[in-house]
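So the structure is just underneath, and the comments pick up after that.
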């Protein structure tokens, strides 16, 4: 294993290479690491570079502070994109699709270290890793339904692949919180460590994987993905088309307004 250490930080995300591990950390703890397109694009570019770097043996994704990633930043979305058409801005959606495909294309294992809440696209990013490792106080929450949207970021492929059709529907439309131990029981997460020991135990697992047979891991990843996620690209395309329409609905506008006003939404189906 190499001993090189480097850091490349952008607003909202920290990219570090420590030894043979590329570490991507969402770094907006004051906003529960909610994402914008710039943050996610920085992470995509780092992952794509790592995919062709023989010195990188493992990739981790985590969040700074108490949250993994609370989803898209609703407060930062532009109201006017300057375009002449009536289509919504889909930059974050498109970059999220790039992230999902980059995770599958990378030969390295991608491990999500879910230290706290993962919601919306944060849940998609967590589930889209090859291994999900959770703190005992962490949880997943779909949250798209609360703002009149459908799951994206590959979630419509990941959920049925992991849970089966009916459980996937329940997670997607009910939006129930799924605690860490339940994530392990359902097969979403590989490990759940006590919150107090999570940093130490998750790092021990990272070190074990980084020192492991990476060519064997890569071949295993390709084989399992070919059988479990053959329709990922099609799912991403379906999500994009569906989400573009939903972003223009009155229900979505009401969901966002209710979130910002901290009140219950009143949906009308329009």
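Numbering (this note's numbering), first residue to last: 4 to 273.
Virtual Cβ for every residue (Gly too), placed ideally from N, Cα, C.
{"Asked": "Going by DSSP, what residue range makes up the beta strand (DSSP E) through residue 63?", "Found": "61 to 66"}
{"Asked": "Exposed or buried, residue 144, counting other C-beta atoms within 10 Å across all chains shown (16 or more means buried)?", "Found": "buried"}
{"Asked": "If I follow the unbroken alpha helix (DSSP H) through residue 172, where does it start and stop?", "Found": "168 to 177"}
{"Asked": "Look up residue 49 in the DSSP assignment and say whether it is helix, strand or coil.", "Found": "helix"}
{"Asked": "Please determine if the segment 198 to 215 and the segment 131 to 147 are in contact, where contact requires at least 3 C-beta pairs separated by less than 8 Å.", "Found": "yes"}
{"Asked": "Answer yes if the segment 63 to 77 comes into contact with the segment 117 to 136, meaning at least three C-beta pairs across the two stretches below 8 Å, and no otherwise.", "Found": "yes"}
{"Asked": "Could you check if residue 36 is buried or exposed, using at least 16 other CB atoms within 10 Å of its CB as the buried criterion?", "Found": "buried"}
{"Asked": "Which class does residue 115 belong to by DSSP, given the choice of helix, strand or coil?", "Found": "strand"}
{"Asked": "Look at the Cβ atom of residue 221, then the Cβ atom of residue 57, and state whether they are nearer than 8 Å.", "Found": "no"}
{"Asked": "Taking the continuous beta strand (DSSP E) assigned at residue 259, which residues delimit it?", "Found": "No beta strand (DSSP E) holds residue 259; the alpha helix (DSSP H) holding it covers 253 to 264."}
{"Asked": "Would you call the segment 239 to 247 in contact with the segment 152 to 172, where contact means no fewer than 3 C-beta pairs closer than 8 Å?", "Found": "yes"}
{"Asked": "With 16 as the cutoff for other CB atoms within 10 Å, does residue 227 come out buried or exposed?", "Found": "exposed"}
{"Asked": "Exposed or buried, what is residue 231 when buried is set at 16 or more other beta-carbons lying within 10 Å of its beta-carbon?", "Found": "exposed"}
{"Asked": "Put residue 182 into one of helix, strand or coil per three-state DSSP.", "Found": "strand"}
{"Asked": "What distance in whole Å lies between the Cβ atoms of residue 191 and residue 165, which are believed to be in contact at a cut-off of 8 Å?", "Found": "6 Å"}
{"Asked": "Below 8 Å on the Cβ atoms is my guess for residue 120 versus residue 142; work out the distance and round it to an integer in Å.", "Found": "6 Å"}
{"Asked": "Out of 106, 262, 116, which one is the CA nearest neighbour of residue 197?", "Found": "116"}
{"Asked": "Would DSSP call residue 153 helix, strand or coil?", "Found": "coil"}
{"Asked": "Compare the C-alpha of residue 95 against each of 107, 47, 133 and name the closest.", "Found": "47"}
{"Asked": "Under a three-way DSSP split, which group does residue 196 fall into?", "Found": "strand"}
{"Asked": "Where does residue 121 sit, in a helix, a strand or coil, going by DSSP?", "Found": "strand"}
{"Asked": "Measure the C-alpha to C-alpha separation of residue 133 and residue 161 and round it to an integer number of angstroms.", "Found": "11 Å"}
{"Asked": "Am I right that residue 27 and residue 62 are in contact with their C-beta atoms under 8 Å? What's the rounded C-beta distance?", "Found": "7 Å"}
{"Asked": "Mark residue 172 as exposed unless 16 or more other C-beta atoms lie within 10 angstroms of its C-beta, in which case mark it buried.", "Found": "exposed"}
{"Asked": "What first and last residue would you give for the beta strand (DSSP E) that runs through residue 27?", "Found": "24 to 29"}
{"Asked": "Just reading off the beta strand (DSSP E) that residue 138 is part of, what are its end residues?", "Found": "134 to 138"}
{"Asked": "Quick check on residue 255: buried or exposed, where buried means 16 or more other Cβ atoms within 10 Å of its Cβ?", "Found": "buried"}
{"Asked": "Output the distance between the C-alpha atoms of residue 100 and residue 93, rounded to the nearest integer angstrom.", "Found": "11 Å"}
{"Asked": "Identify whether residue 18 lies in helix, strand or coil by the three-state DSSP scheme.", "Found": "strand"}
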